[in-house]
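Mature numbering (1 follows the signal peptide of the UniProt record, and there is no 0) puts the sequence shown at residues -23 to -1, 1 to 552. For glycine and all other residues, C-beta sits at the position ideal for the given N, C-alpha and C.
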Amino acid sequence: MREEKTFSSFLLLFFILISQTTATNYPINVWPKPTTFHWPNPKSIFLSSNFTISHPYHRYLTPAVDRYRHLILSEHHHPIITPAINLTSSIPLQSLIISVSDVTSPLAHGVNESYSLSTPSDGSASAYITAATVWGAMRGLETFSQLVYGNPTRVAAGVYIHDLPIFTHRGVMLDTSRNFYGVDHLLRLIKTMSMNKLNVFHWHITDSHSFPLVIPSEPKLAGKGAYSNEMMYSPADVQKIVEYGMEHGVRVLPEIDMPAHTGSWAEAYPEIVTCANMFWWPAGSSPALAAEPGTGQLNPLIPKTYEVVKNVIQDTIAMFPDSLFHGGADEINSDCWNTDPSVQKFVASNGTLSQLLEKFINNTFPEILSLNRTVVYWEDVILSGNVKVNPSLLSPQNVIMQTWNNGPNNTKQLVTSGYRVIVSSADYYYLDCGHGSFVGNDSRYDQPPGTDQGNGGSWCGPFKTWETIYNYDITYGLTDGEAQLVIGGEVALWSEQADSTVMDSRIWPRASAMAETLWSGNRDETGMKRYAEATDRLNEWRYRMVSRGIGAEPIQPLWCLKNPGMCNTVHSFTS
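Right, dumping it as structure tokens:
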């Protein structure tokens, strides 16, 4: 009863203090920055060696609590700059008490992730997290873990936080077809996403290059389309990844890209794929047969195509419980389809390639809906300049569009049409950009000294720095009503030149930059961009991720972190 009265008093004080929040840079910070962080008298308190976390039992919260308790007691994080705060004379903190209003809400799009957190400054024995759902409680646990540091272990005292995300969809897309990533690496990605309060792992599983997912009803697809028997994801692997995601509050969104990007299907079913295994840019041909090496598109005129596709859809959805299913539908290549005699005959009879795509969508979209899924498509399906379907075929009620071209202009087009949108603008959120071209025998690299190298052969260059990512406003140019249809964003790592050896450094801490902007924004309460003060915080957070076993790349020399403000373009010191 005393604990309930103490916490009620905290809540009253907390809501009085919400309006007093400032942009102060505290001696200890949390990434992503909470929406409300109040620390009126910065001090710290020792953590008891017998520290406990009480919580309502839940299948996924309970292992998260066990994981965080171990981290909190064993991490002994040493910040680059020792926080200039005094210890309180209070007894060590004995416990963290978690209360959850609704323990039954599933991890699904739009779930409430809000939480409040308080640490005592008056000698109380307990800190508190209150959350609407267990998923919000997990976010609060991550925040609490970042308030803990030192050896012996101590925690920030007298902190009041109320926190919730601006956007409900905050993700990382990873392509595992062009190069393979082992299960352990995908688990590490999910773990790091959870640290950064990202909540969707968009798994681009298949493409023209390989088909690594074992489909029980179509075993030949992976059996012949994977790079090797060791480079496959079995149903048991998928279950492990999905369960691990649940324990970390991260949903797994599967993508089976089709009807383009399906050359790997031809290893098992050559009769349903056009232009498979053809050289991607035939000699003397102006248009290429694919956007890059790795040709092949499903033929919508072949009945067998739909037998295989429906088996793939059904088995994939059976393995992935998320309410969203990504059907791809990007980069339809007209010339690839036109190599096929049946397509040539169709076109000669006054058919169009857009009608061909509509035929494919009309045969597959209802199948996905019948399995109680909302479908995500890349924007090309209705915005492509060459091959696209009539938007009337894709009801905004059942479809989410993912945009990657033309920055905010395409976002505007999509929301104006009534679609919910996931933003993955290649100009800002593509993490593979800036590493040059991967094709061989490339004369662009055989130029006289002094030649302007442009983007270095990278179609989407230059490299997207963390500040470029941090400063992008994904609702730029939208009305308030239109902005409500933007459900969030994803950074994307396409794997032409990436695999598990560089995964961490390509993604982190640049994905952390997006994580903060989608969680609490990139502006302070005065409306000013806060990238200047974010620099030191991200430096420190990157250092802490590395100490947790994540190979995040540095964003500055260590000297900059040890000398705050000295590496800015305008001389300033943070306090």
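**Asked** How would you write the range of the beta strand (DSSP E) that residue 148 sits in, first residue to last?
**Response** In this chain, the beta strand (DSSP E) harbouring residue 148 covers 146 to 152.
**Request:** Return the chain-ordered list of same chain residues with a C-beta closer than 6 Å to the C-beta of residue 547, the five sequence neighbours on each side being excluded.
**Result:** Spatial neighbours of residue 547 in its own chain (CB-CB distance under 6 Å, excluding positions within 5 residues in sequence) are not present.
**Prompt:** Helix, strand or coil: how does DSSP classify residue 232 here?
**Reply:** DSSP, reduced to helix, strand and coil, places residue 232 within a strand of the structure shown.
**Asked** How would you write the range of the alpha helix (DSSP H) that residue 511 sits in, first residue to last?
**Response** Annotation for residue 511: the continuous alpha helix (DSSP H) segment containing it runs 508 to 524.
**Message:** Considering only the alpha carbon of each residue, which of 197, 266, 450 lies closest to residue 504?
**Reply:** Nearest neighbour of residue 504 by Cα position, chosen from 197, 266, 450, turns out to be 450.
**Request:** Grab the span of the alpha helix (DSSP H) containing residue 221 for me, first residue to last.
**Result:** In this chain, the alpha helix (DSSP H) harbouring residue 221 covers 212 to 224.
**Message:** Quick check for students: name the residue ranges of the beta strand (DSSP E) that lie wholly in the region 32 to 88, counting only runs of 3 or more.
**Reply:** Entirely contained in the region 32 to 88, the beta strand (DSSP E) runs reaching 3 residues are, in chain order, 70 to 79.
**Message:** I'd like to know whether the C-beta atoms of residue 287 and residue 344 end up nearer to each other than 8 Å.
**Reply:** Against a cut-off of 8 Å, the Cβ pair of residue 344 and residue 287 comes out as a contact.
**Message:** Is the beta carbon of residue 5 closer than 8 Å to that of residue 64?
**Reply:** Not in contact: residue 64 and residue 5 (Cβ atoms no closer than 8 Å).
**N-terminal and C-terminal residue of the beta strand (DSSP E) that residue 177 is part of** = First-last of the beta strand (DSSP E) with residue 177: 177 to 183.
**Request:** Please state whether DSSP places residue 350 in a helix, a strand or coil.
**Result:** Three-state DSSP puts residue 350 in coil, outside helix and strand.
**Prompt:** Which one of 44, 141, 104 has the shortest CA to CA distance from residue 89?
**Reply:** Each of 44, 141, 104 was checked against the Cα of residue 89, and the nearest Cα belongs to 141.
**Asked** Are the region 116 to 126 and the region 432 to 441 touching, with three or more C-beta to C-beta distances below 8 Å?
**Response** Cβ pair count under 8 Å is below three, so no.
**Item:** residue 443 - DSSP class collapsed to helix/strand/coil
**Value:** Of the three classes helix, strand and coil, the one that applies to residue 443 here is helix, per DSSP.
**Item:** Whole-number beta carbon distance between residue 249 and residue 227, since they are thought to touch under 8 Å
**Value:** Their Cβ separation, rounded to whole angstroms, is 34 Å, which puts residue 227 and residue 249 out of contact at 8 Å.
**Item:** Three-pair Cβ contact test at 8 Å for the region 230 to 239 versus the region 289 to 304
**Value:** Of all C-beta pairs linking the region 230 to 239 to the region 289 to 304, three or more are shorter than 8 Å, placing the two stretches in contact.
**Request:** Can you tell me which of the three DSSP states residue 100 falls into?
**Result:** Coil, per DSSP.
**Item:** Where residue 27 falls: helix, strand or coil (DSSP)
**Value:** In the displayed model, residue 27 falls within a strand according to three-state DSSP.
**Asked** Which partner residues does residue 139 have in the DSSP bridge list?
**Response** In the DSSP output, where bridge partners are listed per residue, residue 139 has 13, 93.
**Request:** Below 8 Å CB to CB, which residues in the same chain sit around residue 279 once its five sequence neighbours on both sides are set aside?
**Result:** Closer than 8 Å at Cβ, skipping near neighbours: 248, 249, 319.
**the region 417 to 432 in contact with the region 381 to 393 per 3-pair CB rule at 8 Å** = Proximity of the region 417 to 432 to the region 381 to 393 falls short of the contact definition, fewer than three beta-carbon pairs being nearer than 8 Å.
**Request:** Give the single residue among 481, 537, 466, 56 whose Cα lies nearest to the Cα of residue 472.
**Result:** Comparing Cα-Cα distances from residue 472 to each of 481, 537, 466, 56, the minimum goes to 481.
**Request:** Alpha carbon to alpha carbon, how far is residue 403 from residue 132? Give it in angstroms, no decimals.
**Result:** C-alpha separation (whole angstroms): 40 Å.
**Asked** Skipping 5 residues on each side, what residues in its chain have a beta carbon closer than 6 Å to that of residue 62?
**Response** 4, 19, 20, 21.
**Prompt:** In the structure shown, what three-state DSSP assignment does residue 308 receive?
**Reply:** DSSP places residue 308 in coil when its eight states are reduced to three.
**Prompt:** Going by C-alpha distance, which of 447, 353, 509, 368 is nearest residue 180?
**Reply:** Looking from the CA of residue 180, the closest CA among 447, 353, 509, 368 belongs to 353.
**Message:** Taking the beta strand (DSSP E) that residue 470 belongs to, which residues open and close that run?
**Reply:** Here the beta strand (DSSP E) through residue 470 covers 463 to 470.
**Request:** Express the C-alpha separation of residue 83 and residue 446 in angstroms, rounding to a whole number.
**Result:** Taking the straight line joining both Cα atoms gives about 31 Å.
**Beta-ladder partner(s) of residue 397, from DSSP** = Under the DSSP definition of a beta bridge, residue 397 partners with 377.
**Prompt:** Does the beta-carbon distance from residue 327 to residue 356 come in below 8 Å?
**Reply:** With respect to the 8 Å criterion, residue 327 and residue 356 are not classified as neighbours on the basis of their beta carbons.
**Asked** Hey, how far is the Cα of residue -3 from the Cα of residue 30?
**Response** Here residue -3 scores only 37 on pLDDT, less than 50, and its place in the model should not be relied on; the value that follows carries that caveat. Using only the alpha carbons, I get a separation of about 28 Å.
**Item:** residue 81 to residue 110 span [Cα, whole Å]
**Value:** One alpha carbon belongs to residue 81, the other to residue 110, and they sit about 8 Å apart.
**Message:** Which residue marks the beginning of the beta strand (DSSP E) containing residue 133, and which one marks its end?
**Reply:** Counting along the chain, residue 133 sits inside the beta strand (DSSP E) bounded by residues 131 to 134.
**Item:** Where the alpha helix (DSSP H) through residue 358 begins and ends
**Value:** Its alpha helix (DSSP H) spans residues 357 to 360.
**Message:** Please identify the residue among 246, 267, 272, 55 whose C-alpha is closest to the C-alpha of residue 253.
**Reply:** Taking residue 253 as reference, the option from 246, 267, 272, 55 with the minimal CA-CA separation is 272.
**Close beta carbons around residue -1, own chain, < 8 Å, minus the five adjacent residues each side** = Note that residue -1 scores 40 on pLDDT, short of 50, meaning its location in the model is unreliable and no value can be drawn from it.
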